[in-house]
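Everything below concerns the one structure shown next.
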Amino acid sequence: RVRSGHISEYDNMVTMHDVLDAQYLLDSTRDESYIRRVISPLERLLTDQKRIVVKDSCVNAICYGAKLMIPGVLRFENGIELHEQIVLITTKGEAIAIGIAQMPTAVIASVDHGVVAVIKRVIMDRDTYSLRWGFGPRATEKKRLQSAGMLDEHGKPNDKTPLTWIKSEGYIPPMIGDDAKKRIQEEDDSAQAAKKAKS
Numbered sequence: 028r029v030r031s032g033h034i035s036e037y038d039n040m041v042t043m044h045d046v047l048d049a050q051y052l053l054d055s056t057r058d059e060s061y062i063r064r065v066i067s068p069l070e071r072l073l074t075d076q077k078r079i080v081v082k083d084s085c086v087n088a089i090c091y092g093a094k095l096m097i098p099g100v101l102r103f104e105n106g107i108e109l110h111e112q113i114v115l116i117t118t119k120g121e122a123i124a125i126g127i128a129q130m131p132t133a134v135i136a137s138v139d140h141g142v143v144a145v146i147k148r149v150i151m152d153r154d155t156y157s158l159r160w161g162f163g164p165r166a167t168e169k170k171r172l173q174s175a176g177m178l179d180e181h182g183k184p185n186d187k188t189p190l191t192w193i194k195s196e197g198y199i200p201p202m203i204g205d206d207a208k209k210r211i212q213e214e215d216d217s218a219q220a221a222k223k224a225k226s
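Counting from 28, one number per residue, gives the positions in the sequence shown under our numbering.
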């Protein structure tokens, strides 16, 4: 094998004696300069890939295998094509994962929701960054409703669930009970009657 990615056998060649000397220098004098020249970081292999900078709040979710969505994108490179291999990086430049782009650059710039990339290979260890999911407005409201008994232990609606919560889900969940369905239907009917009365 004469090449790994864009790095050939002629780039940054060192002997094992160089590695030993660099390790000795690091251990005895705490001088990192030599070992940094001998051992390259993993990110050097990925410098030929197009990059997307990801928010710190969604790094750990990606490490657990979540797809990268639009709200998690901080910056992105020009020229990303559909189904192209890209690298997801943190704001510090650390590689998080290699992904497959699900949107070209023009679409990423113009939409406000959707999947940007699916994960092909996760590079970063889990829990390097703190867990940040479950802190959004919807999740916080869900926890509040669960503690008040307005949602069941699995977060599903029950008879005490407010209509605003049920309607914001985009569909009527199948397990909300007949009373809640009747209340929703009555509210919708009264809203339509009010619209007709105005016109």
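Glycine included, each C-beta is placed from N, C-alpha and C at the ideal position.
(request) Would you mind reading off the limits of the alpha helix (DSSP H) that contains Lys169? (result) The count along the sequence shown starts at 1 and reaches residue 169 at position 142. Its alpha helix (DSSP H) spans residues 164-174.
(request) Please determine, among Pro68, Ile97, Leu52, the residue with the shortest C-alpha to C-alpha distance to Val80. (result) Within the sequence shown, residue 80 is the residue found at index 53, counting from 1. Among Pro68, Ile97, Leu52, the Cα nearest to that of Val80 belongs to Ile97.
(request) Would you kindly report the start and end of the unbroken alpha helix (DSSP H) that includes Ala88? (result) Counted from its first residue, the sequence shown places residue 88 at position 61. That run of the alpha helix (DSSP H) goes 86-90.
(message) Taking the straight line between their C-alpha atoms, what separation do you get for Phe103 and Lys225?
(response) Mapped onto the sequence shown, residue 103 falls at position 76. Mapped onto the sequence shown, residue 225 falls at position 198. When rounded, the distance between both Cα atoms is 48 Å.
(request) Assign Arg28 to one of three DSSP states: helix, strand, or coil. (result) In the sequence shown, the residue the question calls residue 28 occupies position 1. Residue state, collapsed to three classes: coil.
(request) Quick one: measure Cβ to Cβ for Met151 and Ala128, integer angstroms, because I've assumed they're closer than 8 Å. (result) The residue you call residue 151 lines up with position 124 of the sequence shown. The residue you call residue 128 lines up with position 101 of the sequence shown. Met151 to Ala128, Cβ: 19 Å. No contact.
(request) Apply the 10 Å Cβ neighbour rule to Ile13 and answer buried if 16 or more other Cβ atoms are within range, or exposed otherwise. (result) Beyond the ends of the chain as shown, which are 28 and 226, falls residue 13; an answer cannot be given.
(request) Return helix, strand or coil for Ile146, following the three-state DSSP convention. (result) For this step, residue 146 is matched to residue 119 along the sequence shown. Three-state DSSP puts Ile146 in a strand.
(request) For Glu36, count neighbouring C-beta atoms within 10 Å of its own C-beta (all shown protein chains included) and say buried if the count is 16 or more, exposed if not. (result) Locating residue 36 in the sequence shown gives position 9, counting from the first residue. Exposed.
(request) Would you decide whether Tyr91 is buried or exposed? Buried here means 16 or more other CB atoms lie within 10 Å of its CB. (result) In the sequence shown, the residue the question calls residue 91 occupies position 64. Label assigned to Tyr91: exposed.
(request) Just mark Ala49 as buried or exposed, buried being the case when its beta carbon has 16 or more other beta carbons within 10 Å. (result) By 1-based counting over the sequence shown, the position of residue 49 is 22. So Ala49 ends up on the buried side.
(message) DSSP three-state label for Asp45, please.
(response) Taking the sequence shown and counting its residues from 1, one reaches residue 45 at position 18. Of the three classes helix, strand and coil, the one that applies to Asp45 here is helix, per DSSP.
(message) Per DSSP, what are the beta-bridge partners of Leu115 in this structure?
(response) Translated into positions along the sequence shown, residue 115 becomes position 88. DSSP lists Ile79, Ala124 as partners of Leu115.
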